[in-house]
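Take a look at the structure below.
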Amino acid sequence: MTAQPTTQPTTDGTTVVCRLAQVPREGGVTALVRGEAVAVFRTRDDGLFALGNYDPIGRASVLARGLLGSTEVEGELVPYVASPLHKQRYDLRTGRCLDDPAVRVPTWRVHVTGDGEVVVGERRE
Amino acid sequence: MTERAPHRRKQLVVLGHGMVGHRLVQAAVERGLTETYDVVVVGEEHRAAYDRVALTSFFEVGAEALSLLPAGAYEDPRVRLLLGRTAEGFDPTTRTVLLDDGTVLEYDELVLATGAAPFVPPVPGHDLPGCFVYRTIEDLEAIRDAAATATSGVVVGGGLLGLEAANALAGLGLRTAVVEMAPRLMAVQVDDAGGAMLTRHVEKLGLSVHTGATTTGVVEREGRVRGLSLADGTVLDADVVVFSAGIRPRDGLARAAALDVAERGGVLVDEQCRTSDPHVWAVGECAAPGGRMYGLVAPGYTMAEVVVDALLGGPGAFTGADMSTKLKLLGVDVASFGDAFATTEGALELVYADAVAGHYKKLVVSDDGTRLLGGILVGDASAYGMLRPMVAVDGVGGIPLPENPEDLILPASRGVAEVGLPDEAVVCSCNTVTKGQIVQAVAQEEDPCADATCVTRCTSAGSTCGSCKPTVKKIVEDWFAEQGREVDRSLCEHFSLTRAELFDVVAVHGHTRFDQVLAAHGRGHGCEICKPAVASILASQLGEHVLEPAHRTLQDTNDAYLANIQRNGTYSVVPRIPGGEVTPEGLIVIGEVARDFGLYTKITGGQRIDLFGARMEQLPAIWARLVDAGFESGHAYGKSLRTVKSCVGSTWCRYGVQDSVGMAIALELRYRGLRSPHKLKGGVSGCARECAEARGKDFGIIATEKGWNLYVGGNGGATPVHARLLAGDLDDQTLVRYLDRFLMYYVRTADRLQRTAPWIDQLDGGLDRVREVVVDDVLGLGSELEAAMARHVEGYEDEWAATLRDPEKLERFVSFVNAPDVPDPHIGFTTERDQSVPADSAGPVSLGASIPVGVPQ
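As they're listed, the protein sequences go chains E and S. Read in UniProt numbering, the first sequence has 59 at position 59, and its numbers run on one by one without any break. Read in UniProt numbering, the second sequence has 201 at position 201, and its numbers run on one by one without any break.
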């Protein structure tokens, strides 16, 4: 028996937002977590990342609709989402904007359960 | 016989098809004067305009390469070129021109561009066989023939053209002498010291120079030229004599018509180049603005532009010209610019001379040494490109001199890079192109130039005399270096192929998914550049729905949601209205949908209606109603065909000659949904009045009495371009066939985000190449391109109707995956002029913990 998706955390502070199959590979969905819009992304190797959905540069809640990409920075492959508004790229792991280091979006812990549920945890600070 | 356009369009007659007459016609076409005027150009020579500045190179490259109009006719069908005919006279009262073959041309406006004739001093024997002038290709042919049996030649005249002629005679193997009446060579351009340096160079090449020498007669033997006698008693041997002692304006037609002429010859014109008759204009060497005649091509070009501007009602004026000159004569660089003779009060001269190397350089500077006024360079004119823009023209522009101005002419002088030109410095004085315009051409976002060649093509800088080409190249290279950019045509870091190459490998290997393409030809995981590019290529080749699971995560957000994202994250909706034709019922449905969903409505430039402010989750409900009413996707969101705009055409319009609306609808329906490298727009006009503005489109069709003219490569936007004629007077079937081929050729070979105009420009051969492939089918690709288009037409399906039928595709149109019915609180609206518009966002919004929990899947 799997839990119903919710928008509010259970007692352990986590929120089941959807099933993994609902998040396309190399794509994202928007989830409502404790009243906040969170973009949940799944990379081609099934890595899961959760960022604030609000693009502080484009000033709109859109990041889940961005294209995923990767770029090599100093020998390391950085996965990112490019905002659909003006294409600024945000590092999926840290929320840092690759095109403007002064800008950063919040990130959330996220994992998938053995039952294939996507669980968003605490917001990282 | 009277020739006159059949309907009431005005007629512009141009007498003279030299460089300036040609430029005038070009400007008339480019600036749209031919929308209201038919143009008739009368040329006396049997060949169309050619590059007279480079005349001497005829011996090496031939007449073909010099031609300014290799096709022998203008693309614009409203321009007629009559060659090999002379105007006998014109009558300002009846506004008619009489040609030598008896033709009478009526004109509304007449432009005299008859140029100048070489001045031949009336010395005895000047008309003997063996005497020539140096003006036309025929003159050069005759000189070449005569030189075949000659051993020596004399050129009378040591000016710019005289030295060119001497160069030609020496090149033909003749022992050559130059005779100049003035005390030095190139008396107009250089001073005594410069002239002396030049004489040494010329003599070193084996030519003899006689300055301060008056010609008294041509020596005759057996009815032919045998020599030239000078006032001091010298007789120079010569089998060939070339007179190049200056030119005289050909103002005879104007004199005969009793127009005012200048005291020293030339048709007197005002600042707009209008003669004393308000409907007659004069440009180039036959004109005398303010009483002065200009014997260079650049002022002539300016006059041509001024006349076209005036005929369009513009304010352009000819207020004098930069007479700067730079040329290579007999392998010697000579340049003269600005106040070369230091006539400005208090002007100072800085001179550097190296008799061993043969260099003479003089700068004329202001009395306080801060401004450059002019200069002369002989032997080494490499600094010209940097120096000339530093001189203010008419007190405008110019750059302050550096602290040690002599550094500018000393050997190993500071280069262009270190004396930064300001943006307003005119780099190309032939075509008046500033440094700012050159930088703009490489820096602009839309279709930037990739190299100096492209800049020359796009801005004309360096396209006439070419003396500024090194400066143009340097400016372009410096700019790229500043940007830390190399010219690299790779799509992105994941694919080192161009889009065209990628298109081919996808076709050859039959790939159907991005992952296959990436694995086979790319590296890494892909990005926001290569994913939509590959998605577009796959869509062009396979015609699958863009939201199929294999493709949907490749699409930019507009394609991913089949709508155009707006700045607040909402979308706009554009139903297709083919050709702009819509029923009242259709309009009512659109109005009702907009009203019911609170959408802002606006008419677009493409003759349809844009509905703004739809939340992503509302899109399916909006489209369900539109599709029900018979509308389909307008693809406003795609790099694909947008609209085919039309005028109302022969159905209603009293001027229309074809059914433009019917044709526009047919074409829009044929090419709808075609994914392409960039957006595509079309237009169809029902007559030459061109109300659909079709020549501002990627493909524009203009009705003629006999069928359709097809124009390609136009666009609006930041760098507007008029479409150019690809083929004329086509029937419906041929028109569609050529368009099928043209569009598919573009889809296959253009770069990502490259519109048709720059695509055509970067093809080797440009528009001619397109014509070869599309019309002449030289690659034998015609049927393949048509078949590809037929597959597209066959496979077309409305993307929105298909989406509405597929629950899996609809699943993604939700605000929140876990709360599909909760609207995103970041989206807010306010009201402006009774319509809903986005409210500015103050930052991330939280709904807090009070929102209803949990929505079942």
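The beta-carbon is built from N, C-alpha and C at its ideal position, and this holds for glycine as well. Since the structure is predicted, the reported quantities are computational estimates derived from the model, not experimental observations.
Tell me the residue span of the alpha helix (DSSP H) that contains residue i.
{"i": "residue 756 of chain S", "result": "756 to 762"}
{"i": "residue 503 of chain S", "result": "499 to 509"}
{"i": "residue 542 of chain S", "result": "530 to 542"}
{"i": "residue 118 of chain S", "result": "Where residue 118 of chain S is concerned, there is no enclosing alpha helix (DSSP H), although the beta strand (DSSP E) it sits in stretches over 116 to 118."}
{"i": "residue 10 of chain S", "result": "Unbroken run through residue 10 of chain S is the beta strand (DSSP E), 10 to 15; no alpha helix (DSSP H)."}
{"i": "residue 187 of chain S", "result": "Here residue 187 of chain S belongs to no alpha helix (DSSP H), and DSSP marks it neither H nor E."}
{"i": "residue 22 of chain S", "result": "19 to 30"}
{"i": "residue 809 of chain S", "result": "807 to 810"}
{"i": "residue 104 of chain S", "result": "Residue 104 of chain S -> not in any alpha helix (DSSP H); beta strand (DSSP E) instead, spanning 104 to 106."}
DSSP on residue i, reduced to helix/strand/coil?
{"i": "residue 469 of chain S", "result": "helix"}
{"i": "residue 633 of chain S", "result": "strand"}
{"i": "residue 745 of chain S", "result": "helix"}
{"i": "residue 832 of chain S", "result": "strand"}
{"i": "residue 384 of chain S", "result": "helix"}
{"i": "residue 474 of chain S", "result": "helix"}
{"i": "residue 462 of chain S", "result": "coil"}
{"i": "residue 374 of chain S", "result": "strand"}
{"i": "residue 494 of chain S", "result": "coil"}
{"i": "residue 96 of chain E", "result": "strand"}
{"i": "residue 70 of chain E", "result": "strand"}
{"i": "residue 141 of chain S", "result": "helix"}
{"i": "residue 389 of chain S", "result": "helix"}
{"i": "residue 55 of chain E", "result": "strand"}
{"i": "residue 154 of chain S", "result": "strand"}
{"i": "residue 109 of chain E", "result": "strand"}
{"i": "residue 90 of chain S", "result": "strand"}
{"i": "residue 50 of chain E", "result": "strand"}
{"i": "residue 454 of chain S", "result": "helix"}
{"i": "residue 183 of chain S", "result": "coil"}
My assumption, with CB atoms under 8 Å, is that residue i sits in contact with residue j. Please give the rounded CB distance.
{"i": "residue 108 of chain E", "j": "residue 120 of chain E", "result": "5 Å"}
{"i": "residue 491 of chain S", "j": "residue 449 of chain S", "result": "The pair is not a contact, with the Cβ atoms about 19 Å apart (cut-off 8 Å)."}
{"i": "residue 131 of chain S", "j": "residue 58 of chain S", "result": "Rounded, the Cβ-Cβ distance is 20 Å, inconsistent with contact."}
{"i": "residue 87 of chain S", "j": "residue 12 of chain S", "result": "14 Å between Cβ atoms; not a contact."}
{"i": "residue 50 of chain S", "j": "residue 24 of chain S", "result": "Actually they do not touch by this definition, with Cβ atoms about 16 Å apart."}
{"i": "residue 929 of chain S", "j": "residue 142 of chain S", "result": "What the structure shows of chain S is the stretch from 1 to 857, and residue 929 of chain S is not part of that stretch, so it cannot be assessed."}
{"i": "residue 147 of chain S", "j": "residue 115 of chain S", "result": "Actually they do not touch by this definition, with Cβ atoms about 25 Å apart."}
{"i": "residue 337 of chain S", "j": "residue 387 of chain S", "result": "7 Å"}
{"i": "residue 23 of chain E", "j": "residue 40 of chain E", "result": "6 Å"}
{"i": "residue 68 of chain E", "j": "residue 78 of chain E", "result": "The Cβ separation is near 11 Å, so there is no contact."}
Spatial neighbours of residue i within its chain, please: CB distance less than 7 Å, with the 5 preceding and 5 following residues excluded, ordered by chain position.
{"i": "residue 782 of chain S", "result": "741"}
{"i": "residue 227 of chain S", "result": "219, 235, 236, 237, 238"}
{"i": "residue 266 of chain S", "result": "249, 251, 286, 287, 288, 293"}
Between which residues of its own chain and residue i is the CB-CB distance below 8 Å, once the five residues before and five after are set aside?
{"i": "residue 445 of chain S", "result": "718"}
{"i": "residue 634 of chain S", "result": "574, 575, 576, 577, 608, 642, 643"}
{"i": "residue 438 of chain S", "result": "427, 455, 459, 461, 472, 475, 476"}
{"i": "residue 367 of chain S", "result": "345, 346, 347, 348"}
{"i": "residue 729 of chain S", "result": "704, 706, 707, 708, 709"}
{"i": "residue 199 of chain S", "result": "184, 185, 209, 211"}
Looking only at its own chain, which residues have a Cβ that is under 6 Å from the Cβ of residue i, when we skip the five neighbours before and after it?
{"i": "residue 415 of chain S", "result": "A caution first: residue 415 of chain S carries a pLDDT of 37, below 50, which makes its placement in the model unreliable, though a value can still be read off. Cβ neighbours of residue 415 of chain S beyond the five flanking positions: none."}
{"i": "residue 175 of chain S", "result": "152"}
{"i": "residue 260 of chain S", "result": "268, 276"}
{"i": "residue 814 of chain S", "result": "617, 820"}
{"i": "residue 361 of chain S", "result": "352, 377, 409"}
{"i": "residue 78 of chain S", "result": "34, 38"}
{"i": "residue 664 of chain S", "result": "579, 644, 646, 684"}
Any heavy atom of the ligand ZN closer than 8 Å to the Cβ of residue i?
{"i": "residue 95 of chain S", "result": "Questions concerning the ligand ZN fall outside what the structure shown contains, since it holds no ligand whatsoever."}
Starting from residue i and walking both ways along the beta strand (DSSP E), at which residues does that stretch end?
{"i": "residue 122 of chain E", "result": "117 to 124"}
{"i": "residue 354 of chain S", "result": "348 to 354"}
{"i": "residue 364 of chain S", "result": "359 to 365"}
Secondary structure, beta strand (DSSP E): runs of 3+ residues fully inside the segment 210 to 269 of chain S
You should have 215 to 221, 224 to 230, 235 to 237, 240 to 243, 247 to 249, 267 to 269.
Residue ranges of each alpha helix (DSSP H) within the UniProt domain "Nitrite/sulphite reductase 4Fe-4S" (638 to 774) of chain S, 4 or longer
Counting only runs of 4 or more, we get 660 to 671, 732 to 749, 756 to 762, 766 to 774.
Start-end ranges of the alpha helix (DSSP H) lying completely within the segment 544 to 627 of chain S, minimum 4 residues:
The segment 544 to 627 of chain S contains these whole alpha helix (DSSP H) runs: 549 to 552, 557 to 560, 584 to 596.
Taking only runs that begin and end inside the segment 260 to 337 of chain S, name each unbroken alpha helix (DSSP H) of 4 or more residues, in chain order.
Listed in chain order, the alpha helix (DSSP H) runs fully inside the segment 260 to 337 of chain S are 297 to 311, counting runs of at least 4 residues.
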